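In my numbering, the protein residues as written are 4 to 187. Where is the CB? At the ideal position from N, CA and C, for every residue including glycine. As the structure is a computational prediction, the values presented were derived from the model and not from experiment. The structure appears right after this line, and notes come after that.
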């Protein structure tokens with residue numbers, strides 16, 4: 004293995020360790036801040052939890068809409084090129100730094116709100132949870148694609164990623180209608 008490859012591998016391992024450390028710190032800060040907010044806000048915590056949930060959903064959706072768009076452009080980049088390597092970094096950071104944490108916060112606060120506010124009752128809520136499960140499955144599919152692109156093993160054309168890019172939007176529309184209109 005060349006010196007450059009060794010340095011890249013070492014910096015990648017170091018970068019992963021730093022990312023894991025930042026993620027752990029972020030989780031601890033979130034847990035402590037949530038606990039403090041719960042005790043300070045008392046009965047008002049429900050509204051704070053709802054606000055945090057909506058903020059996390061917006062961040063999750065932003066990432067879910069942007070990541071497939073990055074794939075569309077990444078497909079056209081020559082493997083091993085500076086542009087391809089830049090896309091790999093962008094995709095990895097977007098997934099690990101925004102999409103994954105936002106999904107976790109969305110689920111944690113969403114489940115708490117479903118339990119506290121609705122005791123998991125309501126057809127609309129069951130429909131919403133089912134669609135969020137589908138969105139989470141798409142999240143997993145995109146995470147797998149990030150790994151394939153990182154290994155230069157993507158076999159999907161740009162058209163595929165353009166179509167995939169529309170799925171989060173359709174899911175979001177259906178989820179928002181269920182939450183706001185509560186049709187059943």
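Which of helix, strand or coil does DSSP assign to residue i?
i, result
"residue 79", "helix"
"residue 169", "coil"
"residue 27", "helix"
"residue 185", "coil"
"residue 130", "helix"
"residue 139", "helix"
"residue 124", "coil"
"residue 84", "coil"
For residue i, count the other beta carbons within 10 Å of its own beta carbon; 16 or more makes it buried, fewer makes it exposed. Which is it?
i, result
"residue 50", "exposed"
"residue 94", "buried"
"residue 56", "buried"
"residue 52", "buried"
"residue 60", "buried"
"residue 142", "buried"
"residue 121", "exposed"
"residue 13", "Its pLDDT being 46, under 50, residue 13 is placed unreliably in this model, and the value from its coordinates should be taken loosely. Residue 13 is exposed by the Cβ-count criterion."
"residue 167", "buried"
"residue 138", "buried"
Would you mind reading off the limits of the alpha helix (DSSP H) that contains residue i?
i, result
"residue 157", "From DSSP, residue 157 is part of no alpha helix (DSSP H); its letter is neither H nor E."
"residue 104", "103-121"
Report yes or no: is there a C-beta of chain C within less than 9 Å of the C-beta of residue i?
i, result
"residue 127", "In the structure shown, chain C cannot be found, because there is only a single protein chain."
Legend entry - Touching by the beta-carbon criterion (3+ pairs, under 8 Å), the segment 26-43 and the segment 115-132: Short answer: they don't touch.
Legend entry - the segment 74-89 in contact with the segment 19-39 per 3-pair CB rule at 8 Å: Under the Cβ criterion (8 Å, minimum of three pairs), the segment 74-89 does not count as touching the segment 19-39.
Legend entry - Three CB pairs or more closer than 8 Å across the segment 83-97 and the segment 148-156: Yes: the two stretches touch, three or more of their Cβ pairs being nearer than 8 Å.
Legend entry - contact_flag[the segment 100-107, the segment 176-186] where n(CB pairs < 8 Å) is 3 or more: Judged by Cβ distances under 8 Å, the segment 100-107 makes no contact with the segment 176-186, as fewer than three pairs qualify.
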